[in-house]
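**Student:** FYI, in numbering that gives the first Met the number 0 the residues of the sequence shown are 0 to 86.
We put the CB at the ideal spot given by N, CA and C, even for glycine.
Because the structure is a prediction, the values reported are computed rather than measured.
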Amino acid sequence: MFQITYSDRFKKHYKKLTAQEKEQFKRKLRIFVSNPYHPSLRTKRIQGTDMLFEFSVNMDIRVVWYYEADTLVAFIDIGHHDLLKKY
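#1: Using the Cβ count rule (16 or more neighbours within 10 Å means buried), how would you classify residue 62?
#2: Are there 16 or more other CB atoms within 10 angstroms of the CB of residue 27, so buried, or fewer, so exposed?
#3: Suppose you measure from the CA of residue 73 to the CA of residue 65; what does that come to, to the nearest Å?
#4: Quick check: what's the CA-CA separation for residue 3 versus residue 69?
#5: Which first and last residues belong to the alpha helix (DSSP H) in which residue 29 is found?
#6: Where does the unbroken beta strand (DSSP E) through residue 76 begin, and where does it stop?
#7: In whole angstroms, what separates the C-alpha of residue 25 from that of residue 31?
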């Protein structure tokens with residue numbers, strides 16, 4: 000099981016999601032904490048980075064994260080697929 004920390008950026012962008020997107024995120028979060036590489040998450044390393052990963056909430060929404068420690072993960076951003084251009 001993983002513990003999650005949330006950046007201020009993540010919190011700010013999470014508030015902008017629709018109620019439906021927030022519910023989808025919560026369902027995926029339950030999967031993530033037990034298995035970050037579950038096939039439904041489509042987890043992958045962000046191209047051109049060594050430590051950043053992404054997983055899919057739905058076909059458009061992505062969560063950007065990294066490992067802080069063996070059982071600690073930091074969620075640094077959430078948003079539409081084009082947010083990956085920042086990383």
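**Tutor:** In short, the structure shows the following:
#1: Numbered from 1 along the sequence shown, position 63 holds the residue referred to as residue 62. That one is buried.
#2: Locating residue 27 in the sequence shown gives position 28, where the first residue counts as 1. Buried, since its Cβ has 16 or more Cβ neighbours within 10 Å.
#3: Taking the sequence shown and counting its residues from 1, one reaches residue 73 at position 74. Taking the sequence shown and counting its residues from 1, one reaches residue 65 at position 66. Each residue's alpha carbon lies about 5 angstroms from the other.
#4: On the sequence shown, position 4 is the one that residue 3 refers to. On the sequence shown, position 70 is the one that residue 69 refers to. C-alpha separation (whole angstroms): 12 angstroms.
#5: For this step, residue 29 is matched to residue 30 along the sequence shown. Counted as a single uninterrupted DSSP element, the alpha helix (DSSP H) harbouring residue 29 occupies residues 18-33.
#6: One-based indexing of the sequence shown puts residue 76 at position 77. From DSSP, the beta strand (DSSP E) with residue 76 extends over 71-79.
#7: Sequence index remark: in the sequence shown, residue 25 carries index 26 (1-based). Sequence index remark: in the sequence shown, residue 31 carries index 32 (1-based). Put simply, the backbone Cα of residue 25 is about 10 angstroms away from that of residue 31.
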